[in-house]
Amino acid sequence: MLRGIDHLVIAVPDLAAAIKTYRDLGFTVVAGGRHTGVGTDNALIAFRDASYLELVGFYEPRPDHRWWVPLQQGGGLVDFCLQTDDLAGDAGVLRAAGVDMGDLEPRHRLRPDGVEVRWVCALARGDHRGVAPFVLAEETGRDERVPGQRVHANGVTGVGCVTVAVHNLAAVRGWYEQALGVRGTDVASPELGATGVRFPIGPHIFEFLAATGAGAVRDWLARRGASPYAATLVGAPRHIPLDLGRTWGARLALA
Numbered sequence: 021m022l023r024g025i026d027h028l029v030i031a032v033p034d035l036a037a038a039i040k041t042y043r044d045l046g047f048t049v050v051a052g053g054r055h056t057g058v059g060t061d062n063a064l065i066a067f068r069d070a071s072y073l074e075l076v077g078f079y080e081p082r083p084d085h086r087w088w089v090p091l092q093q094g095g096g097l098v099d100f101c102l103q104t105d106d107l108a109g110d111a112g113v114l115r116a117a118g119v120d121m122g123d124l125e126p127r128h129r130l131r132p133d134g135v136e137v138r139w140v141c142a143l144a145r146g147d148h149r150g151v152a153p154f155v156l157a158e159e160t161g162r163d164e165r166v167p168g169q170r171v172h173a174n175g176v177t178g179v180g181c182v183t184v185a186v187h188n189l190a191a192v193r194g195w196y197e198q199a200l201g202v203r204g205t206d207v208a209s210p211e212l213g214a215t216g217v218r219f220p221i222g223p224h225i226f227e228f229l230a231a232t233g234a235g236a237v238r239d240w241l242a243r244r245g246a247s248p249y250a251a252t253l254v255g256a257p258r259h260i261p262l263d264l265g266r267t268w269g270a271r272l273a274l275a
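Mapping of the sequence shown onto this note's numbering: residues 21 to 275, in sequence order.
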């Protein structure tokens, strides 16, 4: 069963600089280490609701990597992972619903303290990346992969809602209704020039929006394609959007 957000991926051109600006925004940022052989380093911002933000930078050019092209297009939010208690089963359900899901793949990361963290994942591929999730199962344990430091000076305790811009709303609605076993709720976002569908996944909300005319969603789709557009973070006493320059292109708001 899909149980909620595991993490949101934020691609950045300069990981060290991104760590500094996120810390300046009041987040506790923990160096995650290197995905050996994949070309990326990361840093993690873990929350009390068991989700986290992953800041990802490349230590070498990797045009074959799923996040390389989105980074060249401006970076920011590029992907998301959902927690599952049945990796093979949920990957199969998503595949049966019409998502282009890859096979199970072993992955690993070497933390700065020398501990190797291992997991197995199934990735949504091609145009489905960032619209459908990727899912994973632990090999070395979640407490090894996700930092225990989950208190932030800005008060954030978790992720509230993730907004994803899509081209084919009917298809995406079908994926999630079949995979989750629930009907989505229609939503309208006239300020973004879009309508869509909302799904709760565990404690989190996802909204998938398609453009209905001129507006931010249509502009995003033209520039970046179907992909994560924005996310709200909950728990902070001040409800404000965060500066895009300081979040390195990730449209985040404290809400």
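From the three backbone atoms N, C-alpha and C, an ideal C-beta is built for every residue, glycine too.
Remember, predicted model here, so these are calculated numbers, not experimental data.
Residue j beta carbon less than 8 Å from that of residue i
i: G255; j: G134; result: no
i: F100; j: I25; result: yes
i: L91; j: D61; result: no
i: V171; j: T48; result: yes
i: L45; j: L262; result: yes
i: L97; j: G122; result: no
i: P132; j: G222; result: no
i: A250; j: I260; result: no
i: A236; j: L253; result: no
i: F228; j: G245; result: no
i: F226; j: V184; result: yes
i: G180; j: A275; result: yes
i: R162; j: C141; result: no
i: L5; j: R271; result: What the structure shows of the chain is the stretch from 21 to 275, and residue 5 is not part of that stretch, so it cannot be assessed.
Extent of the continuous beta strand (DSSP E) to which residue i belongs
i: Q92; result: Here Q92 belongs to no beta strand (DSSP E); instead the alpha helix (DSSP H) covers 88-92.
i: G52; result: 50-55
i: Y196; result: Segment 189-200 is the alpha helix (DSSP H) holding Y196; no beta strand (DSSP E) there.
i: L28; result: 22-31
i: W139; result: 136-142
i: E158; result: 154-158
i: D99; result: 96-104
i: T205; result: 205-209
i: I260; result: Element bounds for I260: n/a, residue is neither H nor E.
i: D147; result: No beta strand (DSSP E) holds D147; DSSP gives it neither H nor E.
i: E74; result: 72-78
i: G180; result: 178-185
i: D61; result: 60-66
i: F228; result: 224-231
i: A273; result: 272-274
Range of the contiguous alpha helix (DSSP H) that encloses residue i
i: Y249; result: Taken as a continuous stretch (DSSP letters only), Y249 belongs to no alpha helix (DSSP H), being part of the beta strand (DSSP E) at 247-254.
i: A37; result: 35-44
i: R127; result: No alpha helix (DSSP H) contains R127, which is instead part of the beta strand (DSSP E) from 125-130.
i: V113; result: 107-116
i: D239; result: 236-244
i: R218; result: No alpha helix (DSSP H) holds R218; the beta strand (DSSP E) holding it covers 214-221.
i: D163; result: 162-165
Nearest-angstrom beta carbon gap, residue j and residue i [assumed within contact, 8 Å]
i: A214; j: A230; result: 6 Å
i: L130; j: T232; result: In fact, because the Cβ distance is near 46 Å, the residues do not count as touching under 8 Å.
i: G59; j: R82; result: 4 Å
i: V182; j: L28; result: 7 Å
i: D105; j: R238; result: Going by Cβ atoms, the distance from D105 to R238 rounds to 37 Å, so no, they are not a contact pair.
i: A70; j: I39; result: Their Cβ separation, rounded to whole angstroms, is 22 Å, which puts A70 and I39 out of contact at 8 Å.
i: G118; j: A191; result: 7 Å
Residue i versus the options, residue with shortest Cα-Cα distance
i: Q169; options: R23, L73, P33, M21; result: L73
i: L156; options: V171, L253, A108; result: A108
i: F78; options: S71, D69, G95, A66; result: G95
i: A152; options: D120, W87, V176, R238; result: D120
i: G204; options: E125, L189, E80, L28; result: L189
i: A234; options: P210, E227, P257, G269; result: P210
i: H187; options: A242, T104, A66, D206; result: A242
i: T268; options: F67, L75, S71, V58; result: It is worth fixing the name first, because residue 268 is Trp in this sequence and not Thr. For the residues F67, L75, S71, V58, the minimum Cα distance to W268 belongs to L75.
i: E164; options: R145, R149, H224, E136; result: E136
i: R138; options: G245, C181, L64, E159; result: E159
i: V176; options: A38, R68, L64; result: R68
i: R43; options: H148, G118, A173; result: A173
i: D110; options: L264, L200, P220; result: L200
i: H148; options: R218, A51, P248, M21; result: P248
i: Q93; options: V202, R218, P33, F219; result: P33
Chain C within 8 Å of residue i, Cβ atoms only
i: I65; result: In the structure shown, chain C does not exist; there is a single protein chain.
Contact the segment 112-132 vs the segment 193-200: 3+ CB pairs below 8 Å: Yes: at least three Cβ pairs fall under 8 Å.
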